[in-house]
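This report concerns only the one structure given below.
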Amino acid sequence: MRVVMFGYQTWGHRTLQALLDSRHEVVLAVTHPRSEHAYEKIWDDSVADLAAESGVPALLRNRPTDLVEVIRELAPDLIVANNWRTWLPAEIFDLPVHGTLNVHDSLLPAYAGFSPLIWALINGEKEVGVTAHRMNAELDAGDILVQRAVPVGPGDTATDLFFRTVDLIAPIVHDALELIDSGDAVWTPQDRSAASFFHKRAIEDSRIDWTWPAEDLERLIRAQSDPYPNAYTFCRGERLRIISAAVSQARYGGTPGRIFIREGDGVVIVAGADARNGRSPGLLVKRVRTEDGTEHAATDYFKTMGGYLTGHP
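The C-terminal position of the sequence shown is numbered 337 in our numbering, with every residue numbered one higher than the one before it.
This is the structure we're talking about:
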């Protein structure tokens, strides 16, 4: 088959490499210009560079609405997309005889949209995965062809889940292409009643809300571990990043955000909307990072107990 590829960052790079390693012909790669957005500077392997190294024509676009005739002239049998960040119009995604295969890093219909691994980890999902589906006019809503899952471990970070799922891209693309080319593809409609949609993450989404239960905050900190923008709070008016934490062994009562007591190798911060009843654990903060980039053990940074961590300076 003749294939046009739309993609960006490492997800797009892995997809293009999978297509190049297949028996199919890649006739064009379309990708976005590099971005200064905090999240788009992470996992930023270049689709354009890989295309150039492989002799594949590449185009940089933020929006592809001027490419209809270009793609029509190339007469692709299939478009494959992964991490394309703006809308593809129907005159493009329906142009090939086999339409457009979109590869998305969630177990659709759940976690359509952006940053699905981070949101899934924060929400305590037991597994994450990758779905290849046929693109239609709705966001990540088309019929599913191939889907694979991997488990989420109790100590996993978003980085762990990234590597575990990005390794699914090549086999999923390979299997999907073979099914489509052989005529054996079976497309399964999504259960739209189970769909959920998530927006792009921004720095504000990493701000700690101490009314969250400690279990949720511990997952947030793992989800925002390096190289992602860390979960943060404010201490005495200065931004403080929480690098590692756990759920406390004991239960603590009081006001959310209170710097309370040492426990083991960390310092307990009271957490949870119902913290006043003393029936829930706190967040055991173990390591922090100040604005100058210096990392500290929490037991060294919080030299005295008392005072509050807050959502704003």
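Idealized CB from N, CA, C, for every residue including glycine.
Note that this is a predicted model, so its numbers are computed, not measured.
Beta carbon of residue i nearer than 8 Å to that of residue j
i	j	result
Ala105	Gly31	yes
Leu98	Val50	no
Ala238	Ser268	no
Leu333	Ile285	no
Ile146	Thr155	no
Phe221	Leu163	yes
Ala321	Arg313	no
Arg225	Tyr63	yes
Ile283	Gly317	no
Leu141	Ala173	no
Arg275	Arg303	yes
Ala299	Gly277	yes
Met25	Leu74	no
Gly296	Pro280	yes
Ser46	His198	yes
Counted within 10 angstroms of its Cβ, other Cβ atoms place residue i as buried (16 or more) or exposed
i	result
Phe187	exposed
Ala114	exposed
Asn254	buried
Glu151	exposed
Ile227	exposed
Leu201	buried
Glu315	exposed
Val121	exposed
Thr212	exposed
Leu84	exposed
His61	exposed
Pro305	buried
Asp180	buried
Arg243	buried
Ser206	exposed
Gly166	buried
Thr189	buried
Those residues which DSSP pairs with residue i across a bridge
i	result
Gly21	This structure gives no information on residue 21, because the portion of the chain shown stretches from 25 to 337.
Thr314	Leu264
Glu287	Gly290
Ala295	BP columns for Ala295 are empty, so no partner.
Arg26	Glu49
Phe258	Arg263 and Thr334
Thr155	His128 and Gln171
Pro305	Arg275
Arg243	Note: Arg243 sits in no beta bridge, so no partner.
His122	None, per the DSSP bridge assignment.
Glu97	None, per the DSSP bridge assignment.
Glu319	Arg313
Ala270	Leu308
Arg282	Tyr332
Gly137	Phe222
Residue from the options whose Cα sits closest to the Cα of residue i
i	options	result
Asn107	Thr183, Phe117, Val127 and Glu93	Val127
Trp111	Ala156, Phe138, Glu77 and Arg303	Phe138
Gln214	Leu132, Leu307, Ala299 and Gly290	Leu132
Arg38	Tyr276, Ala194, Ile204 and Arg311	Ala194
Arg58	Gln33, Arg225, Ile196 and Pro81	Gln33
Ala161	Leu43, Glu149, Ile116 and Ile66	Ile116
Val309	Pro337, Arg246, Gly278 and Asn301	Arg246
Pro100	Ser130, Thr124, Ile196 and Tyr325	Thr124
Gly79	Leu52, Arg265 and Ala42	Leu52
His56	His48, Asp45, Asp118 and Asp69	Asp69
Glu319	Leu44, Trp67 and Leu264	Leu264
Self-check item: Entirely enclosed alpha helix (DSSP H) segments - the region 33-84, minimum 4 residues
Solution: 33-44 and 71-78
Quiz item: Unbroken beta strand (DSSP E) runs of length 3 or more, entirely within the region 158-229: which are they?
Solution: 168-175
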